[in-house]
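Residue numbers (full-length UniProt numbering), protein chains in the order written: chain A, 1 to 760; chain B, 1 to 760.
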């Protein structure tokens, strides 16, 4: 654990005391989002200290020109990244002629942030003594509305503590923003227009190249002692991409003045006329009113929690951790729009370009599938179906043909947005997770219709890729897969990564089985699809031959599948025997040293055992876990959750609990020393899995839902709900025993430790 | 062969006819240099067509900020590259009010370039009809003086063909240049001063960061019908980094006017006051006079050719090829200055940053060793000795310790200047070539003194590196070397590259043997060195253990050492069976596809057989040649020469001859479709080797020089000279037999086909 300033609390993330060194970290941790937009917890008022400004609009990206040292054929020319969006939260404050800047005050006391996850509201308050001696108390409340998802609301209160004061509020909207990770220091936004009328202002800007138009808007009301002043701005400052109002309020000692700022974005993805859209949004928000909007926000979050909450008794840090994870996932993606997906940093930072990774299929879909309507998971699957043509084009760039599809490692719009050859071209296992998610969706929801409708085409493209990508080794008389990077990115360009070979074989087998099923059960879909993809029996036989004769590296000596052909050549020194000063190795070692070490960034062979648990015995799992776990450094956020689940399966509850804490409090406690850059959103779904699938032991077997609950000794109990085939199954696990209640679909059968649970 | 416009000629490179599409190619092919500076064959007069401007000063570099997509620990922050130097050759021409621009003339006829390699002079001539109808004939002669190596001379003649003409010569010097390969479009030169006096001008500029100061100078004389006009410029145009004179001459129809421009650079590496240095250079040049300077140039080149020429009878293209190679090597490096080295593109382009690669040790040293005084090769060795501390620092960055040295892949000043992890961190075999060159120098020159003086410290640093870099595989019970890139850069991050393992073992063995010899024969050097490097007997034993137990991958089935552990897993389709449309694969295939293919960019295992030929039988060589040659695509310029030598050893003369043509005319015929970017200088030394060591069969055995001459059927004969231990050995091979003459050191013994040759 590397930081511990966040106060333990069941429902809130709380920081107390002002520390300039924590500002960027807290900007990440207190981020808010509503699925359509999100923002780091930057201060509204000007701040001259170290800060990382970030506001993001879902689906708005920019193709930054690729930056590489040495160009290699097949690299994308452009690299889509999430855009830092215009700022609508800014409110400069002037008090008795001096600007409020927390970095420049004589003193700041009672500084407190609270992100109330139950309500979906972010609070900040502090007392400050300005350089000119004026003492003030400030209370701020901010949220992004779930109901009106183009709208955010700020309530900013200032109380004059030691004298009368002239307070100037200077709210603004500003499109003059840039990305910290811009490759060429280019501007991404082109200003189009700046308009204002009364207390409303609109800055419209268009992204270069992608030509998304966004209007960033604000509407301001000023209050004194809670009563509206009905004032207009005393002055308006305009540049080509920014507009700022000034409101002056004379406040007597002890009095409180408030600015209520309604702001947000309307974008051309949703509006023909974004300014008109913005005006309508403001009107709607004003009609509801700030107070009712706030109430609605709490109710909307209550509805989310109703289904997705996990309770933990007797361990407040564990409770806070899981709720933080569930909260952030829901802030990032709500499943309303199939054009959107889940970036590894959500709306909390720029790194990883805000794009879609295999994380969505491998980690996020199970969470959304179980805690939302099945349509949400279906939308996530459809996202890939809609990008199938681009995946085929992507494979063509790498020399594949005839409809073989390679999904990009990273994408915003279906095109590859990554450019390290060992990952872009070689981390091809991502294709496997995309196929697995289709199977997983059907297994959990029971909804087969997706496969004839859309899924089979994706499966065929993927199976074709694996067929063409395998090489027949005359030497082994089997098919091998050469030159790949597995989930463990600390090995590059290896031969026969077990996970990749295994999922490749599985993809082909699963695809062929679905072709047969659809031929029998959905003949018209079969005909439509086969006419489209032109898959011959000869091709099916050829791909089946690859699956049937796939090579898997295995060590007789150790009784385990080898992560890759060369694994045993390595010096097998365990992580426990590695000097702590060398950790994390990705910050301490050069790349070649990492590559030739045995250290595993994230579950790789064990990831395969996670996906295909039922293909192996518990003894096999144990053997592999005992072999690989000691070499795993978990320097990927996606790793500890899988190990937590497997430790739980093996009954190693202390280890499972340790991994659980690591995954659930990864960001709160900043294990990997990088929370300043943003949160690890996608791995948060892994945290959810480590409770539901790990401790709860949830599995689907024979179309039935099974639980084998276990409980860490630290806990009195825990509970969660899942939506299994439209039955809402609530599981309450206590040290004394497990209680299951089921509502809805009465066809489903649920078992606890093998015993059927009647529907109550 | 991809182009054939260069006219065959024994002593000259000749182009006839003007073709805008050939301009950039010819700018490379007609490049001139004198070891201290060099330049592409850009036109003196303004040219609006496609051109690649390039002038370079030896030793002047700039640390460009490294550009990578994804940073990895150990990458250098800066990346030294050769600088495009200020332009001193420019002479804008105005005729009857119109600018001469070959891209804009009504017609250009009789266009001819000739690079006379015997004289070291570049000629260009053409007739042109300008848009205004004026017809002129132009003759230009240019050279960079070998005697005064800061000075170049241009003689530019214009004859008015169809009318009287007012001709304005506008010679200039200009520091406002940039690099085409600049990473961030930064300026590299900061202007310091612009001065002029009479017909002389001086632009002084300083490189940013490295702070090299260079004065670029010119002195102009104008003649009419061969008589000096003693005129001063009619006007002078100055900016902060450029100065341009104008001279006006009224020419009657049929008359000829000439501008003689003396120009060049003086740099702060050699002068405290570069302007004063420039004035002295001009004064010296004027004192000698253009006519005598030209005569001196021819004599200086005659002295070079006297020793380094190779004659070939009966095959003008082969003759032209080898002379072009020898000429370019001598233009690039003359061995006068141990601060300098040989960049892969010499002074002919920017690519590869003009830096030093292992090419110097593996390819160039044999050429310089045999055709120059041994001090030249010693200077090249000392270059690495002088950079030993930085090689140790470089190894430390990658986690090595205790004096282990890893020489950079690419360097200007000892620091690593390359940033692809698979090469920078993994193409570590370069260390082996640097050790091999020390051995090779001693073997050929008989001068052991270099090793106790300097070489042993380098050897110990390198041996320590290999010792630490090897990994003990308990699985194999041998030492392995994991995660390397061999000379074949079409495989990355492989395990147990045979070449690397072999040269690593050899380096340790050779180092330990030299330690023992120096302990016995040079006790005071021994004490000095051991006190400095603190090498214990225990460390020596430990490193010897690695060498004695090194693993070499071997295939019983094929009877060959395997290029690397995974080679046999590949689909072994020969180059002959690869569709021609797929070649060159580095332009057609994505990187992953190249990596999993069996195709070899350049000799790898065979490179080892070349270095260590006497460790293997001819049968073993044949077996390996027959196994690897069919997979070799020779997409590195460094490859065909090694294959040519080995084909000759195996008596396959037709194949040897084909490879010889490919290496010797690589640039003239533009085999790799990239000559526009510059010439392949370092591989030219390989061409020399393919005659002397391949056809000539030159070997040093038991301190004696042996020849086993062979001759391609296409040739009547060939001859070359080598300086072996201060004996000048001239070998003339004809279809009828071989004649050897020896001058100088009478201690040396020379054998032809095993028969001793008496000194005549």
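Virtual Cβ for every residue (Gly too), placed ideally from N, Cα, C.
Residue(s) in a DSSP beta bridge with residue i
| i | result |
| --- | --- |
| residue 741(B) | 730(B) |
| residue 82(A) | 61(A) |
| residue 223(A) | 228(A), 258(A) |
| residue 550(B) | 479(B) |
| residue 717(A) | 313(A), 734(A) |
| residue 39(B) | 32(B), 55(B) |
Separation of residue j from residue i, as counted between CA atoms
| i | j | result |
| --- | --- | --- |
| residue 547(A) | residue 514(A) | 15 Å |
| residue 739(A) | residue 711(A) | 13 Å |
| residue 327(A) | residue 359(A) | 18 Å |
| residue 631(A) | residue 494(B) | 21 Å |
| residue 670(B) | residue 634(A) | 51 Å |
| residue 216(A) | residue 180(A) | 20 Å |
| residue 696(A) | residue 101(A) | 49 Å |
| residue 188(A) | residue 203(A) | 15 Å |
| residue 755(B) | residue 705(B) | 11 Å |
| residue 82(B) | residue 412(B) | 8 Å |
| residue 49(A) | residue 126(A) | 17 Å |
| residue 544(A) | residue 550(A) | 10 Å |
| residue 720(B) | residue 309(B) | 6 Å |
| residue 683(B) | residue 507(B) | 24 Å |
Chain-ordered chain A contacts of residue i [CB-CB under 7 Å]
| i | result |
| --- | --- |
| residue 565(B) | 566 |
Residue i burial status per 10 Å Cβ neighbour count (16 or more: buried)
| i | result |
| --- | --- |
| residue 636(B) | buried |
| residue 510(A) | buried |
| residue 276(B) | exposed |
| residue 605(A) | buried |
| residue 753(B) | exposed |
| residue 236(A) | exposed |
| residue 342(A) | buried |
| residue 570(B) | buried |
| residue 162(B) | exposed |
| residue 140(A) | buried |
| residue 729(B) | buried |
Other residues of its chain near residue i: CB distance less than 8 Å, five sequence neighbours each side excluded
| i | result |
| --- | --- |
| residue 667(A) | 28, 29, 324, 675, 679, 680 |
Residue i: contacting residues in chain A (beta-carbon distance under 9 Å)
| i | result |
| --- | --- |
| residue 21(B) | Near residue 21(B) there are no residues of chain A at all, since even the closest Cβ is about 24 Å away, more than 9 Å. |
Cut-off 6 Å between Cβ atoms - residues of its own chain near residue i, not counting five sequence neighbours on either side
| i | result |
| --- | --- |
| residue 608(A) | 499, 502 |
| residue 213(A) | 206, 268, 274 |
| residue 745(A) | 725, 726, 727 |
Interface partners of residue i on chain B, CB under 8 Å
| i | result |
| --- | --- |
| residue 398(A) | 590, 592, 593 |
| residue 73(A) | 586, 587, 588, 589, 590, 591 |
Residues near residue i by beta carbon distance below 7 Å, same chain, minus five either side
| i | result |
| --- | --- |
| residue 95(B) | 130, 134, 136, 165, 167 |
| residue 234(B) | 246, 247, 248 |
Chain-ordered chain A contacts of residue i [CB-CB under 8 Å]
| i | result |
| --- | --- |
| residue 471(B) | 569, 570, 571, 596 |
| residue 476(B) | 569 |
Chain-ordered neighbours of residue i on chain B, where CB pairs are closer than 7 Å
| i | result |
| --- | --- |
| residue 480(A) | 569 |
| residue 495(A) | 566, 569 |
| residue 426(A) | 592 |
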